[in-house]
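Chain order of the listed sequences is A and B.
Residue numbers for the first sequence follow the numbering used here, so the first one is 1 and each next one is one higher.
Residue numbers for the second sequence follow the numbering used here, so the first one is 1 and each next one is one higher.
In this text, a Cβ means the ideal position worked out from N, Cα and C, and glycines have one as well.
It should be emphasised that the depicted structure is a prediction, and the values quoted were computed from it without experimental measurement.
This report concerns only the one structure given below.
There are 2 protein chains.
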Amino acid sequence: MSIIVQKFGGSSVADAEKIHRAARRAIKAKIEGHRVVIVVSAMGKTTDKLIALAQEVNPNPPKREMDMLLTTGEQVSISLMAMAIEASGHQAISFTGGQIGLITDSSHTKARIRSIDADRIYRELDDGKIVIVAGFQGVTEEGALTTLGRGGSDTTAVALAAVLKDSVCEIYTDVDGVYSTDPRIVPQARKMKEINYDEMLELASLGAKVMHSRSIEFGKKYHVPIHVRSSLTDTEGTMIVAETKGMEDIVVRGVTLKKDLARVLLMGVPNHPGIASNIFARIARHSIVVDDIIQNIVEKAKEANIGFTTSRSDAKEAATVCEEMAKDLGIRQVEVEERLAKVSIVGVGMKTHTGVASRMFAALAEAQVNIQNITTSEIVISCIVDEKDGERAIQVLHGAFSLDQPENGRA
Amino acid sequence: MSIIVQKFGGSSVADAEKIHRAARRAIKAKIEGHRVVIVVSAMGKTTDKLIALAQEVNPNPPKREMDMLLTTGEQVSISLMAMAIEASGHQAISFTGGQIGLITDSSHTKARIRSIDADRIYRELDDGKIVIVAGFQGVTEEGALTTLGRGGSDTTAVALAAVLKDSVCEIYTDVDGVYSTDPRIVPQARKMKEINYDEMLELASLGAKVMHSRSIEFGKKYHVPIHVRSSLTDTEGTMIVAETKGMEDIVVRGVTLKKDLARVLLMGVPNHPGIASNIFARIARHSIVVDDIIQNIVEKAKEANIGFTTSRSDAKEAATVCEEMAKDLGIRQVEVEERLAKVSIVGVGMKTHTGVASRMFAALAEAQVNIQNITTSEIVISCIVDEKDGERAIQVLHGAFSLDQPENGRA
Numbered sequence: 001m002s003i004i005v006q007k008f009g010g011s012s013v014a015d016a017e018k019i020h021r022a023a024r025r026a027i028k029a030k031i032e033g034h035r036v037v038i039v040v041s042a043m044g045k046t047t048d049k050l051i052a053l054a055q056e057v058n059p060n061p062p063k064r065e066m067d068m069l070l071t072t073g074e075q076v077s078i079s080l081m082a083m084a085i086e087a088s089g090h091q092a093i094s095f096t097g098g099q100i101g102l103i104t105d106s107s108h109t110k111a112r113i114r115s116i117d118a119d120r121i122y123r124e125l126d127d128g129k130i131v132i133v134a135g136f137q138g139v140t141e142e143g144a145l146t147t148l149g150r151g152g153s154d155t156t157a158v159a160l161a162a163v164l165k166d167s168v169c170e171i172y173t174d175v176d177g178v179y180s181t182d183p184r185i186v187p188q189a190r191k192m193k194e195i196n197y198d199e200m201l202e203l204a205s206l207g208a209k210v211m212h213s214r215s216i217e218f219g220k221k222y223h224v225p226i227h228v229r230s231s232l233t234d235t236e237g238t239m240i241v242a243e244t245k246g247m248e249d250i251v252v253r254g255v256t257l258k259k260d261l262a263r264v265l266l267m268g269v270p271n272h273p274g275i276a277s278n279i280f281a282r283i284a285r286h287s288i289v290v291d292d293i294i295q296n297i298v299e300k301a302k303e304a305n306i307g308f309t310t311s312r313s314d315a316k317e318a319a320t321v322c323e324e325m326a327k328d329l330g331i332r333q334v335e336v337e338e339r340l341a342k343v344s345i346v347g348v349g350m351k352t353h354t355g356v357a358s359r360m361f362a363a364l365a366e367a368q369v370n371i372q373n374i375t376t377s378e379i380v381i382s383c384i385v386d387e388k389d390g391e392r393a394i395q396v397l398h399g400a401f402s403l404d405q406p407e408n409g410r411a
Numbered sequence: 001m002s003i004i005v006q007k008f009g010g011s012s013v014a015d016a017e018k019i020h021r022a023a024r025r026a027i028k029a030k031i032e033g034h035r036v037v038i039v040v041s042a043m044g045k046t047t048d049k050l051i052a053l054a055q056e057v058n059p060n061p062p063k064r065e066m067d068m069l070l071t072t073g074e075q076v077s078i079s080l081m082a083m084a085i086e087a088s089g090h091q092a093i094s095f096t097g098g099q100i101g102l103i104t105d106s107s108h109t110k111a112r113i114r115s116i117d118a119d120r121i122y123r124e125l126d127d128g129k130i131v132i133v134a135g136f137q138g139v140t141e142e143g144a145l146t147t148l149g150r151g152g153s154d155t156t157a158v159a160l161a162a163v164l165k166d167s168v169c170e171i172y173t174d175v176d177g178v179y180s181t182d183p184r185i186v187p188q189a190r191k192m193k194e195i196n197y198d199e200m201l202e203l204a205s206l207g208a209k210v211m212h213s214r215s216i217e218f219g220k221k222y223h224v225p226i227h228v229r230s231s232l233t234d235t236e237g238t239m240i241v242a243e244t245k246g247m248e249d250i251v252v253r254g255v256t257l258k259k260d261l262a263r264v265l266l267m268g269v270p271n272h273p274g275i276a277s278n279i280f281a282r283i284a285r286h287s288i289v290v291d292d293i294i295q296n297i298v299e300k301a302k303e304a305n306i307g308f309t310t311s312r313s314d315a316k317e318a319a320t321v322c323e324e325m326a327k328d329l330g331i332r333q334v335e336v337e338e339r340l341a342k343v344s345i346v347g348v349g350m351k352t353h354t355g356v357a358s359r360m361f362a363a364l365a366e367a368q369v370n371i372q373n374i375t376t377s378e379i380v381i382s383c384i385v386d387e388k389d390g391e392r393a394i395q396v397l398h399g400a401f402s403l404d405q406p407e408n409g410r411a
């Protein structure tokens with residue numbers, strides 16, 4: 001009998017009615033003959049409210065106590081979920097992370113899972129119960145409560161599916177799967193039947209909010225099939241799986257748009273060893289998150305232009321830091337450009353297909369979109385463009401790579 | 001270095017400001033040279049809100065899951081308390097019941113404490129930390145979360161003081177101690193310097209809401225001195241202690257009034273063995289709480305009149321149950337009288353002084369208060385009176401036993 005691990009996020013357990021809806025889904029899977037494990041997040045905005053409460057008491061709370069506080073959110077959800085299932089006449093039992101021996105390291109607020117004791121779960125499943133586990137949390141060897149960081153409940157679900165034999169992981173969310181691009185911008189966007197871990201990882205890092213990167217990495221590492229689907233309908237969603245041969249037939253699987261970017265350009269940087277490391281160490285010290293780095297060497301390698309993109313909210317501070325740095329390091333000039341966006345195409349097919357980049361550039365040129373910078377990796381090509389061109393750019397690219405066509409009918 | 005266990009109830013940790021106030025009190029004790037352990041309840045009305053949430057999901061929730069739910073309330077409080085202390089530059093560490101090895105039996109929602117592992121607490125105290133423990137909760141040997149029932153945080157505090165050597169237990173509350181009677185009714189009411197466990201137990205069962213009976217019993221059993229005091233002021237409160245010789249010099253320590261009582265009288269009950277047990281078993285089956293039982297035999301023991309008092313809210317159902325029972329058992333008549341009250345005098349001094357009851361009855365007679373029934377125990381005498389006479393009765397008794405005089409100046 002196969003095991004289904006069903007994960008319900010905060011919005012899927014936000015009130016009594018939604019908890020009952022999630023409970024019915026688990027019961028349905030049970031009646032269909034599966035053994036069912038549920039992982040739940042904290043209800044609705046609970047975690048945000050707890051964080052605000054902590055801030056009120058101590059603007060810089062100890063991380064251990066933060067974990068003590070936040071783990072209560074999921075504990076509330078698991079108990080209510082068990083009550084909902086029992087109210088429908090089925091048997092359920094809830095467990096905190098600690099109670100199923102989900103052991104982590106002691107990095108409070110961003111702990112890593114070390115091991116899970118599957119025996120306790122098997123025992124309750126053998127007893128005919130639906131097992132409910134608190135997402136996002138674990139305990140250290142010494143018994144201190146820990147949390148796994150943002151997206152932690154997804155990680156718990158995938159990790160459970162990894163240790164439970166013959167299991168599949170279902171992630172229930174408020175969208176019904178992973179789309180070729182943002183359907184709010186490109187109405188022709190199509191839901192994908194499947195996508196591989198690497199593609200999903202890139203989509204996540206490019207701003208698709210369906211799942212957190214860490215849980216996808218976990219799925220990839222332990223070969224856990226992940227089914228992203230809607231908590232509101234019975235429609236099949238998107239399967240996140242290992243790469244299969246046929247997958248490479250599709251060159252581009254998704255198109256993404258990341259807005260609100262700014263670029264800082266350092267012009268005339270003395271070109272000697274270690275200077276880039278010096279620059280980015282100083283930027284990191286100010287907790288400015290760098291998106292992409294662009295470097296081009298000019299004037300016969302005596303000096304370089306170094307640039308980077310960052311979120312618009314960090315732009316001002318980045319500029320201040322760079323102006324100071326310019327004085328110290330003999331950098332000629334600092335330029336900041338805001339209102340930029342990044343459009344990217346993602347697909348494992350790129351590894352075996354040629355001419356993908358030129359097809360992208362041609363499509364953007366035809367649409368009069370000016371490309372300001374280009375970055376590439378094995379399965380991604382990204383272009384920095386004016387923010388005002390961003391939406392038009394992904395519309396054009398979506399069509400140019402036939403993403404509006406059924407998957408089996410694409411060029 | 002002595003240990004102080006400070007317990008703060010829900011109203012004393014209801015918001016960030018109150019948590020900081022409680023934290024300052026703990027820090028003050030620490031600076032004065034004590035080792036400090038704090039026990040906290042859930043913030044404000046948290047527990048009631050969680051119960052309402054559970055009811056919405058399942059009107060008859062499994063008790064194990066109820067405990068899973070309710071224990072989160074205290075867990076939130078301990079983490080915030082630790083954050084507050086750290087914000088003031090002092091070291092603190094919070095623990096759930098399970099983390100300090102507070103082992104209970106498995107009677108969910110009303111578990112009994114079996115043992116506490118004091119070593120972990122000593123270790124952190126030795127480290128210079130203020131230790132914060134979640135009240136009201138424990139774990140079974142198997143690791144399931146349990147709660148101790150109403151008043152459970154008091155029980156946790158007293159139990160900790162029982163296992164920690166050289167410790168005193170301070171119960172912080174919104175009144176500044178235990179009074180000779182209700183100061184809202186008798187302005188001359190005096191705060192007591194001390195009271196013994198038995199007197200306090202009687203006062204609690206007669207409606208004084210300062211502490212729950214179970215924690216007082218615990219204190220009595222393990223000889224824990226309990227200091228009931230205000231969370232708002234530094235005034236000394238009332239010490240609950242073992243009986244000392246001098247205590248018996250004071251005949252009556254407190255006067256209580258319990259309102260909203262009703263009396264059900266069963267007239268002409270056939271007087272044969274087992275009938276009383278039969279009657280009260282049927283009443284208990286309907287969850288009607290019986291306060292006092294009154295029985296007088298009439299007509300040469302062929303039949304008896306049996307009566308009992310109960311809360312007014314239970315009176316209607318009690319009457320219905322008794323009417324049915326009257327038919328089955330051949331009871332002649334059922335009479336219900338509402339709007340009654342019970343006035344009581346409490347004091348260990350009664351054990352060694354004579355004439356206490358007659359002094360009470362004389363005082364009531366002089367004040368034109370008609371006594372409807374009398375019940376007595378070793379250290380309590382209670383009279384059932386008309387509810388309209390209740391407040392006048394305790395005013396008169398308070399004066400008659402000189403409770404408005406300083407303790408060392410009483411007759």
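### Message
List, from N- to C-terminal side, the beta strand (DSSP E) runs of 3 residues or more that fit wholly inside the stretch 167 to 231 of chain A.
### Response
167 to 173, 194 to 196 and 226 to 230
### Task
Taking only beta-carbon positions, decide if Glu142/A is within less than 7 Å of chain B.
What you label residue 142/A is simply residue 142 of the first sequence in a count that begins at 1. No, Glu142/A lies away from the interface with chain B (no Cβ there is under 7 Å from its Cβ).
### Message
Rounding to the nearest angstrom, what Cα-Cα distance links Met66/B and Asp127/B in this structure?
### Response
Residue 66/B sits at position 66 when you count from the first residue of the second sequence. Residue 127/B sits at position 127 when you count from the first residue of the second sequence. C-alpha separation (whole angstroms): 35 Å.
### Query
Between which two residues does the alpha helix (DSSP H) containing Lys28/B stretch?
The residue given as residue 28/B occupies position 28 in the second sequence. Run containing Lys28/B: Ala16 to Ile31, per the alpha helix (DSSP H) assignment.
### Query
Phe280/A and Ile294/A look like a contact to me (Cβ under 8 Å); what is the Cβ gap, rounded to whole Å?
Residue mapping note: residue 280/A aligns to position 280 of the first sequence, counting from 1. Residue mapping note: residue 294/A aligns to position 294 of the first sequence, counting from 1. Their Cβ separation, rounded to whole angstroms, is 12 Å, which puts Phe280/A and Ile294/A out of contact at 8 Å.
### Task
Determine, using beta carbons only, whether Lys129/A and Gln91/A come nearer to each other than 7 Å.
By one-based count along the first sequence, residue 129/A stands at place 129. By one-based count along the first sequence, residue 91/A stands at place 91. Yes. Within cutoff.
### Query
With a cut-off of 7 Å, does the C-beta of Gln91/B fall near any C-beta of chain A?
Locating residue 91/B in the second sequence gives position 91, where the first residue counts as 1. So no, Gln91/B is outside the interface.
### Query
Mind pulling the alpha helix (DSSP H) runs of 4 or more residues that sit fully within the stretch 101 to 155 of chain A?
118 to 126
### Query
Can you find at least 3 beta carbon pairs, one from the stretch 99 to 114 of chain A and one from the stretch 128 to 145 of chain A, that sit closer than 8 Å?
Touching, yes.
### Message
Taking a contact to mean a Cβ-Cβ separation below 7 Å, would you say Gly9/A touches Ala42/A in this structure?
### Response
As a working note, residue 9/A is residue 9 in the first sequence. As a working note, residue 42/A is residue 42 in the first sequence. No.
#### Entry: Thr310/A classed as buried or exposed, judged by whether at least 16 other C-beta atoms fall within 10 angstroms
Looking up residue 310/A in the first sequence gives position 310. Result: buried.
### Query
Taking the C-alpha atoms as reference points, what is the distance between Leu403/B and Tyr172/B?
Taking the first residue of the second sequence as 1, we reach residue 403/B at position 403. Taking the first residue of the second sequence as 1, we reach residue 172/B at position 172. Rounded to the nearest angstrom, the gap between the Cα atoms of Leu403/B and Tyr172/B is 25 Å.
### Query
Are the beta-carbon atoms of Lys221/A and Lys342/A separated by less than 7 Å?
The residue given as residue 221/A occupies position 221 in the first sequence. The residue given as residue 342/A occupies position 342 in the first sequence. Contact flag unset, no.
### Query
Near Ala54/A, which residues of its chain fall below 7 Å by C-beta distance, leaving aside the five closest residues on each side in sequence?
Numbered from 1 along the first sequence, position 54 holds the residue referred to as residue 54/A. For Ala54/A, where only same-chain residues beyond five positions count, the Cβ hits under 7 Å are Pro61, Met66 and Leu69.
### Message
With a threshold of 6 Å (Cβ to nearest heavy atom), would Ala26/A be considered close to the ligand GTP?
### Response
This structure lacks the ligand GTP, and indeed carries no ligand of any kind.
### Task
Entirely within the stretch 41 to 108 of chain B and at least 3 residues each: give me those beta strand (DSSP E) ranges in chain order.
The stretch 41 to 108 of chain B contains these whole beta strand (DSSP E) runs: 92 to 95.
### Query
Thinking C-beta only, is Pro225/A closer than 7 Å to Val210/A?
In the first sequence, counting from the first residue as 1, residue 210/A sits at position 210. In the first sequence, counting from the first residue as 1, residue 225/A sits at position 225. For Val210/A and Pro225/A, no; Cβs fall outside 7 Å.
### Task
For Arg151/A, I'd like the list of residues in its chain whose CB is within less than 8 Å of its CB, leaving aside the five on either flank, ordered along the chain.
By one-based count along the first sequence, residue 151/A stands at place 151. The sequence given here places Gly at residue 151/A; Arg does not occur at that position. Met211, His212, Ser213, Arg214 and Ser215.
### Query
Secondary structure at Asp260/A, three-state DSSP: helix, strand or coil?
Locating residue 260/A in the first sequence gives position 260, where the first residue counts as 1. Strand, per DSSP.
### Query
What are the start and end residues of the alpha helix (DSSP H) that includes Asn278/B?
Locating residue 278/B in the second sequence gives position 278, counting from the first residue. Taken as a continuous stretch (DSSP letters only), the alpha helix (DSSP H) holding Asn278/B covers Ile275 to Arg285.
### Query
Where do the N-terminal and C-terminal ends of the beta strand (DSSP E) with Glu378/B fall, by residue?
Indexing the second sequence from 1 puts residue 378/B at position 378. Run containing Glu378/B: none; DSSP gives neither H nor E here.
### Message
Since Glu443/B and Gly254/B should fall inside the 8 Å C-beta cutoff, what is the C-beta to C-beta distance between them, to a whole number of angstroms?
### Response
Given a span of 1 to 411 for chain B in the structure shown, any question on residue 443/B remains unanswerable.
### Task
Would you identify the three-state DSSP class for Gly390/B, choosing helix, strand or coil?
Taking the second sequence and counting its residues from 1, one reaches residue 390/B at position 390. Helix.
### Message
Can you tell me which residues form a DSSP beta bridge with Ile374/B?
### Response
Position 374 of the second sequence, counted from the first residue, corresponds to residue 374/B. Its beta-bridge partners are Cys383/B.
#### Entry: According to DSSP, residues forming a beta bridge with Asn305/B
Looking up residue 305/B in the second sequence gives position 305. Bridge partners of Asn305/B: Asn296/B.
### Task
Note down, in chain order, every chain B residue with its Cβ under 7 Å from the Cβ of Leu232/A.
On the first sequence, position 232 is the one that residue 232/A refers to. Chain B residues near Leu232/A: none, gap ~19 Å exceeds 7 Å.
### Query
Where Thr375/A and Ser88/A are concerned, what is the direct C-alpha to C-alpha distance, given to the nearest angstrom?
As a working mapping, residue 375/A is identified with position 375 in the first sequence. As a working mapping, residue 88/A is identified with position 88 in the first sequence. Roughly 54 Å separates the two Cα atoms.
### Query
Closest to Arg282/B by CA distance: which of Ala319/B, Val252/B, Gly207/B and Gly349/B is it?
The residue labelled residue 282/B in the question sits at position 282 within the second sequence. It is Ala319/B whose Cα lies nearest to the Cα of Arg282/B.
#### Entry: Beta-bridge partners of Phe8/A, as assigned by DSSP
Start at 1 with the first residue of the first sequence, and residue 8/A comes out as number 8. For Phe8/A, which the question treats as bridged, DSSP gives the partners Val40/A and Tyr172/A.
#### Entry: Ser402/A in three-state terms, based on DSSP
Counting from one through the first sequence, the residue named residue 402/A turns up at place 402. Coil.
### Message
What residue range does the alpha helix (DSSP H) around Val336/B cover?
### Response
Position 336 of the second sequence, counted from the start, is the residue given in the question as residue 336/B. Taken as a continuous stretch (DSSP letters only), Val336/B belongs to no alpha helix (DSSP H), being part of the beta strand (DSSP E) at Gln333 to Val346.
### Task
Identify every residue that forms a DSSP beta bridge with Gly254/B.
Counted from its first residue, the second sequence places residue 254/B at position 254. Note: Gly254/B sits in a beta bridge opposite Val346/B.
#### Entry: Boundaries (first-last residue) of the alpha helix (DSSP H) holding Thr320/B
Residue mapping note: residue 320/B aligns to position 320 of the second sequence, counting from 1. Per DSSP, Thr320/B belongs to the alpha helix (DSSP H) from Arg312 to Leu329.
#### Entry: Beta carbon proximity, Ala84/A to chain B, threshold 7 Å
As a first step, residue 84/A is located in the first sequence; it is residue number 84 there, counting from the start. Chain B contact via Cβ: present.
### Task
Find out if the Cβ-Cβ distance for the pair Asp166/B, Ser382/B is shorter than 7 Å.
The residue labelled residue 166/B in the question sits at position 166 within the second sequence. The residue labelled residue 382/B in the question sits at position 382 within the second sequence. Not a contact, by the Cβ cut-off of 7 Å.
### Message
Tell me the DSSP secondary structure of Val369/A in three-state form.
### Response
Numbered from 1 along the first sequence, position 369 holds the residue referred to as residue 369/A. Looking at Val369/A - three-state DSSP - the assignment turns out to be coil, as it is neither helix nor strand.
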